[in-house]
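**Student:**
2 protein chains.
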Amino acid sequence: MVTTKAPKVSFKAQMLQAREQALIDVMNRLLAEKGFEAMTVDEVAAEVGIAKASLYKHFPSKEDLAAAAMAHLMDKALAFVQAMPADQSALDKLRATVAWTMRLKLAGQMPTLPSQNSTLRTALMRNKGYMDGLMEVSERLGAWIEEAQAQGQVNTALQPVVVLYTLFARACDPVLEFLKATEQYDDDAIVDMVMSTCFDGLRQR
Amino acid sequence: MVTTKAPKVSFKAQMLQAREQALIDVMNRLLAEKGFEAMTVDEVAAEVGIAKASLYKHFPSKEDLAAAAMAHLMDKALAFVQAMPADQSALDKLRATVAWTMRLKLAGQMPTLPSQNSTLRTALMRNKGYMDGLMEVSERLGAWIEEAQAQGQVNTALQPVVVLYTLFARACDPVLEFLKATEQYDDDAIVDMVMSTCFDGLRQR
DNA sequence: GTCTATAATCAGATAGAC
DNA sequence: GTCTATCTGATTATAGAC
Numbered sequence: 026m027v028t029t030k031a032p033k034v035s036f037k038a039q040m041l042q043a044r045e046q047a048l049i050d051v052m053n054r055l056l057a058e059k060g061f062e063a064m065t066v067d068e069v070a071a072e073v074g075i076a077k078a079s080l081y082k083h084f085p086s087k088e089d090l091a092a093a094a095m096a097h098l099m100d101k102a103l104a105f106v107q108a109m110p111a112d113q114s115a116l117d118k119l120r121a122t123v124a125w126t127m128r129l130k131l132a133g134q135m136p137t138l139p140s141q142n143s144t145l146r147t148a149l150m151r152n153k154g155y156m157d158g159l160m161e162v163s164e165r166l167g168a169w170i171e172e173a174q175a176q177g178q179v180n181t182a183l184q185p186v187v188v189l190y191t192l193f194a195r196a197c198d199p200v201l202e203f204l205k206a207t208e209q210y211d212d213d214a215i216v217d218m219v220m221s222t223c224f225d226g227l228r229q230r
Numbered sequence: 026m027v028t029t030k031a032p033k034v035s036f037k038a039q040m041l042q043a044r045e046q047a048l049i050d051v052m053n054r055l056l057a058e059k060g061f062e063a064m065t066v067d068e069v070a071a072e073v074g075i076a077k078a079s080l081y082k083h084f085p086s087k088e089d090l091a092a093a094a095m096a097h098l099m100d101k102a103l104a105f106v107q108a109m110p111a112d113q114s115a116l117d118k119l120r121a122t123v124a125w126t127m128r129l130k131l132a133g134q135m136p137t138l139p140s141q142n143s144t145l146r147t148a149l150m151r152n153k154g155y156m157d158g159l160m161e162v163s164e165r166l167g168a169w170i171e172e173a174q175a176q177g178q179v180n181t182a183l184q185p186v187v188v189l190y191t192l193f194a195r196a197c198d199p200v201l202e203f204l205k206a207t208e209q210y211d212d213d214a215i216v217d218m219v220m221s222t223c224f225d226g227l228r229q230r
């Protein structure tokens with residue numbers, strides 16, 4: 026009977042997928058807290074509550090685990106931009122997206138990777154889920170940027186790729202944690218201030 | 026005779042100081058190229074051409090060596106801001122300083138430290154040369170910021186500390202290396218573009 | 001697939017001769 | 001102070017039983 030066999034397999038698969046998701050979640054948090062090099066695979070396994078050898082059955086290397094975590098983040102980002110209400114202006118969509126990434130970082134859920142590590146870069150480039158998500162997010166943001174420029178809301182003297190990189194960089198802006206470290210502002214105030222410096226600049230308008 | 030003895034001691038001391046400077050220079054470059062965690066003490070010793078044990082006679086730990094490199098950088102930064110022509114506006118002084126840090130980074134001479142590493146943070150805080158330089162640079166930039174705000178050149182709605190952190194952060198802005206990686210812009214163009222996004226913002230003026 | 005136990009490697013730091 | 005040689009500990013990754 027198909028009806029008895031299919032659920033059994035599905036249940037097992039669900040358990041496995043849940044475990045992988047737990048690994049990715051912990052990895053995500055540790056990447057955000059300590060960074061790729063300072064964080065260890067032992068910590069991930071210990072926090073999830075499985076043996077390290079079992080972790081390596083799911084992911085062939087530390088780099089691949091990090092890539093999976095980044096792919097998951099890209100999925101979340103893509104879901105966010107896809108769920109954006111269509112009645113907002115392109116600029117507002119860009120602002121909302123950047124604010125979302127900032128809040129993620131302030132909440133300690135934004136994994137930060139060293140931009141120089143080559144083994145990690147290759148693992149990321151090999152990860153189809155990550156690359157596809159990155160491309161899709163970039164294209165959507167890029168379209169909004171050009172739309173906002175056409176509407177005269179974003180500086181037309183800036184090339185779209187420069188705007189795109191500048192927005193992406195807000196996700197790992199050290200100003201966020203510097204301001205948080207002063208303990209003088211709550212997260213909302215920090216987001217407001219950095220949003221202002223990002224979109225309006227430092228000069229008086 | 027003092028005249029024969031003094032030079033002899035001074036010569037020895039000069040040799041030692043020169044060796045320490047060589048260590049700091051190599052450390053500085055490796056910090057910029059690979060970052061603190063990826064770089065090894067062995068590399069520093071090998072490039073300078075001394076044994077690792079000798080290095081540890083100069084600096085008690087990897088963290089202290091990094092702190093010394095950062096202190097040296099602060100010295101250079103302080104020298105730069107002190108040498109600034111007095112006939113420039115406060116805003117222009119700020120712009121010149123930020124541009125200087127960006128060019129340093131583009132030239133691969135800006136050491137980047139992980140902001141989370143706690144052992145490194147304590148080593149930095151303990152290093153009087155670094156802390157003094159940081160304080161002095163911060164105070165000078167802070168004075169310029171307030172002056173520029175009083176002259177209506179910098180957004181008065183921003184608290185000076187936010188402006189200060191935003192300017193400091195340009196020294197480790199990943200947008201610089203992203204744009205460099207595209208190989209479509211020379212360093213001057215990159216500095217111009219990032220200066221524009223920093224001071225003028227992304228929105229149309 | 002999960003576990004315990006272990007390999008293999010690498011990096012920070014030190015001992016001791018000179 | 002500088003060297004060679006070594007220690008110590010941590011970390012990625014794997015072998016093999018169940």
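So the sequence lines, in the order shown, correspond to chains A and B. All residue numbers for the first sequence refer to this note's numbering, where the first residue is 26 and numbers rise by one. All residue numbers for the second sequence refer to this note's numbering, where the first residue is 26 and numbers rise by one. C-beta: ideal position from N, C-alpha, C; glycine also. Please read these numbers as outputs of a predicted model, since none were measured by experiment.
Check distances from the C-beta atoms of the stretch 105-121 of chain A to those of chain B and list, in chain order, the residues that come in under 9 angstroms.
**Tutor:** Flagged, chain order: LEU116 and LEU119.
**Student:** To the nearest whole angstrom, what separates the beta carbons of GLU62 of chain B and ALA63 of chain A, a pair I think is in contact under 8 angstroms?
**Tutor:** As a position in the second sequence, residue 62 of chain B is number 37, starting the count at 1. As a position in the first sequence, residue 63 of chain A is number 38, starting the count at 1. Right, the Cβ-Cβ distance comes to about 7 angstroms (below 8 angstroms), so this counts as a contact.
**Student:** Taking GLY177 of chain A as the query, report the chain B residues whose CB atoms sit under 9 angstroms from its CB, ordered along the chain.
**Tutor:** For the purposes of this step, residue 177 of chain A is taken as the residue at position 152 of the first sequence. GLN229, listed in chain order.
**Student:** Anyone know if the C-beta pair for MET127 of chain B and VAL216 of chain B falls short of 8 angstroms?
**Tutor:** As a first step, residue 127 of chain B is located in the second sequence; it is residue number 102 there, counting from the start. As a first step, residue 216 of chain B is located in the second sequence; it is residue number 191 there, counting from the start. Going by C-beta atoms, MET127 of chain B is nearer than 8 angstroms to VAL216 of chain B.
**Student:** Any idea what DSSP makes of ARG230 of chain B, helix, strand or coil?
**Tutor:** Numbered from its first residue, the second sequence carries residue 230 of chain B at position 205. Three-state result, ARG230 of chain B: coil.
**Student:** Would you say ASP59 of chain B lies against chain A (beta-carbon separation less than 8 angstroms)?
**Tutor:** Counting from 1 along the second sequence, the entry for residue 59 of chain B is found at position 34. It should be pointed out that residue 59 of chain B corresponds to Lys in this sequence rather than to Asp. For LYS59 of chain B, the answer is yes, since a Cβ of chain A falls inside 8 angstroms of its Cβ.
**Student:** Please state whether the Cβ-Cβ distance between LEU80 of chain A and ALA70 of chain A is less than 8 angstroms.
**Tutor:** The residue you call residue 80 of chain A lines up with position 55 of the first sequence. The residue you call residue 70 of chain A lines up with position 45 of the first sequence. In contact: LEU80 of chain A and ALA70 of chain A (Cβ atoms closer than 8 angstroms).
**Student:** So, for ARG151 of chain A: in the same chain, excluding its five sequence neighbours on each side, which residues have a beta-carbon less than 8 angstroms away from its beta-carbon?
**Tutor:** In the first sequence, residue 151 of chain A corresponds to position 126, counting from 1. If we look at ARG151 of chain A and ignore the five residues flanking it on each side, its Cβ neighbours are ALA92.
**Student:** Please list, in chain order, the chain B residues whose beta carbon lies closer than 9 angstroms to that of SER221 of chain A.
**Tutor:** Locating residue 221 of chain A in the first sequence gives position 196, counting from the first residue. Within chain B, the residues near SER221 of chain A are ASN180, ALA182, LEU183, VAL187 and GLY226.
**Student:** Can you give me the C-alpha to C-alpha distance between ARG44 of chain A and ASN53 of chain A, rounded to a whole angstrom?
**Tutor:** The sequence position of residue 44 of chain A within the first sequence is 19, counting from 1. The sequence position of residue 53 of chain A within the first sequence is 28, counting from 1. Rounded to the nearest angstrom, the two C-alpha atoms are 14 angstroms apart.
**Student:** Helix, strand or coil: which one does DSSP assign to GLN39 of chain A?
**Tutor:** The count along the first sequence starts at 1 and reaches residue 39 of chain A at position 14. It is helical.
**Student:** Please list the terminal residues of the continuous alpha helix (DSSP H) segment that includes VAL123 of chain B.
**Tutor:** Sequence index remark: in the second sequence, residue 123 of chain B carries index 98 (1-based). Per DSSP, VAL123 of chain B belongs to the alpha helix (DSSP H) from 115-131.
**Student:** Work out the CA separation of GLN46 of chain B and PHE36 of chain B for me, nearest whole Å.
**Tutor:** By one-based count along the second sequence, residue 36 of chain B stands at place 11. By one-based count along the second sequence, residue 46 of chain B stands at place 21. Whole-angstrom Cα-Cα distance: 15 angstroms.
**Student:** Answer yes or no: does any C-beta atom of chain A fall closer than 8 angstroms to that of MET99 of chain B?
**Tutor:** Walking along the second sequence from the start, residue 99 of chain B turns up at place 74. No, its Cβ sits nowhere closer than 8 angstroms to a Cβ of chain A.
**Student:** Less than 8 angstroms between the C-beta atoms of ALA57 of chain B and THR122 of chain B, yes or no?
**Tutor:** In the second sequence, the residue the question calls residue 57 of chain B occupies position 32. In the second sequence, the residue the question calls residue 122 of chain B occupies position 97. No, the Cβ-Cβ distance between ALA57 of chain B and THR122 of chain B is not below 8 angstroms.
**Student:** State the CB to CB distance for the pair GLN176 of chain B and ALA108 of chain B, rounded to an integer number of angstroms; the pair is presumed to be in contact (CB under 8 angstroms).
**Tutor:** Translated into positions along the second sequence, residue 176 of chain B becomes position 151. Translated into positions along the second sequence, residue 108 of chain B becomes position 83. That pair is no contact at about 22 angstroms.
**Student:** Given that ALA194 of chain B touches chain A, what residues does it touch there, using C-beta distances under 8 angstroms?
**Tutor:** One-based indexing of the second sequence puts residue 194 of chain B at position 169. Within chain A, the residues near ALA194 of chain B are ASP198, PRO199, VAL200 and PHE203.
**Student:** Please classify THR147 of chain A: is it buried, with 16 or more other beta-carbons within 10 angstroms of its beta-carbon, or exposed?
**Tutor:** Translated into positions along the first sequence, residue 147 of chain A becomes position 122. Label assigned to THR147 of chain A: exposed.
**Student:** Would ARG230 of chain A be called buried (16 or more neighbouring beta carbons within 10 Å of its own) or exposed?
**Tutor:** Counted from its first residue, the first sequence places residue 230 of chain A at position 205. Exposed is the call here.
**Student:** Since ASN53 of chain B meets chain A, which of its residues come closer than 8 angstroms, beta carbon to beta carbon?
**Tutor:** By 1-based counting over the second sequence, the position of residue 53 of chain B is 28. Within 8 angstroms Cβ-Cβ: nothing; ASN53 of chain B doesn't reach chain A, min ~15 angstroms.
**Student:** Straight-line CA distance for PHE193 of chain A to ASP100 of chain B?
**Tutor:** For the purposes of this step, residue 193 of chain A is taken as residue 168 along the first sequence, with counting starting at 1. For the purposes of this step, residue 100 of chain B is taken as residue 75 along the second sequence, with counting starting at 1. So the two alpha carbons sit approximately 32 angstroms from each other.
**Student:** Tell me which residues of the stretch 141-163 of chain B have at least one Cβ-Cβ distance to chain A shorter than 8 angstroms, keeping chain order.
**Tutor:** If the cut-off is 8 angstroms between Cβ atoms, the stretch 141-163 of chain B has GLN141 and ASN142 near chain A.
**Student:** Compute the Euclidean distance between the alpha carbons of ASP211 of chain A and LEU183 of chain B, then round it to the nearest angstrom.
**Tutor:** In the first sequence, residue 211 of chain A corresponds to position 186, counting from 1. In the second sequence, residue 183 of chain B corresponds to position 158, counting from 1. Each residue's alpha carbon lies about 16 angstroms from the other.
**Student:** For the alpha helix (DSSP H) that LEU138 of chain A lies in, which residues bound it at each end?
**Tutor:** Here residue 138 of chain A refers to the residue found at position 113 of the first sequence. Run containing LEU138 of chain A: none; DSSP gives neither H nor E here.
**Student:** Within 10 Å of its beta-carbon, does GLY133 of chain B have 16 or more other beta-carbons around it, so buried, or fewer, so exposed?
**Tutor:** Sequence index remark: in the second sequence, residue 133 of chain B carries index 108 (1-based). Result: exposed.
**Student:** I want to see whether chain B comes within less than 8 angstroms of ALA124 of chain A, judged by CB atoms only; does it?
**Tutor:** Here residue 124 of chain A refers to the residue found at position 99 when the first sequence is read from its first residue. Answer no: the Cβ-Cβ gap between ALA124 of chain A and chain B never drops below 8 angstroms.
**Student:** Just mark GLN113 of chain A as buried or exposed, buried being the case when its beta carbon has 16 or more other beta carbons within 10 Å.
**Tutor:** Sequence index remark: in the first sequence, residue 113 of chain A carries index 88 (1-based). So GLN113 of chain A ends up on the exposed side.
**Student:** LEU201 of chain A by DSSP, collapsed to three states: which one?
**Tutor:** The count along the first sequence starts at 1 and reaches residue 201 of chain A at position 176. Three-state result, LEU201 of chain A: helix.
**Student:** Please identify, using Cβ separations under 8 angstroms, the residues of the stretch 61-86 of chain B that lie next to chain A, in order along the chain.
**Tutor:** If the cut-off is 8 angstroms between Cβ atoms, the stretch 61-86 of chain B has GLU62 and ALA63 near chain A.
**Student:** Can you grab the Cα-Cα spacing for the pair PHE203 of chain B / PRO199 of chain A, in whole Å?
**Tutor:** Here the question's residue 203 of chain B lines up with position 178 in the second sequence. Here the question's residue 199 of chain A lines up with position 174 in the first sequence. Cα to Cα, the separation comes out at about 17 angstroms.
**Student:** Distance cutoff 8 angstroms, beta carbons only. Does MET218 of chain B sit that close to anything in chain A?
**Tutor:** Reading the second sequence from its first residue, position 193 is the one you call residue 218 of chain B. It does: the Cβ of MET218 of chain B has a partner Cβ on chain A nearer than 8 angstroms.
**Student:** Taking PRO136 of chain A as the query, report the chain B residues whose CB atoms sit under 8 angstroms from its CB, ordered along the chain.
**Tutor:** Here the question's residue 136 of chain A lines up with position 111 in the first sequence. Result: empty, since nearest Cβ-Cβ is about 12 angstroms, beyond 8 angstroms.
**Student:** Is the beta carbon of HIS97 of chain B sitting closer than 8 angstroms to the one on LEU48 of chain B?
**Tutor:** Position 72 of the second sequence, counted from the start, is the residue given in the question as residue 97 of chain B. Position 23 of the second sequence, counted from the start, is the residue given in the question as residue 48 of chain B. No.
**Student:** Could you name the residues of the same chain whose beta carbon sits closer than 6 angstroms to that of GLU172 of chain A, not counting the 5 residues immediately before and after it, in chain order?
**Tutor:** As a first step, residue 172 of chain A is located in the first sequence; it is residue number 147 there, counting from the start. Around GLU172 of chain A: ALA115.
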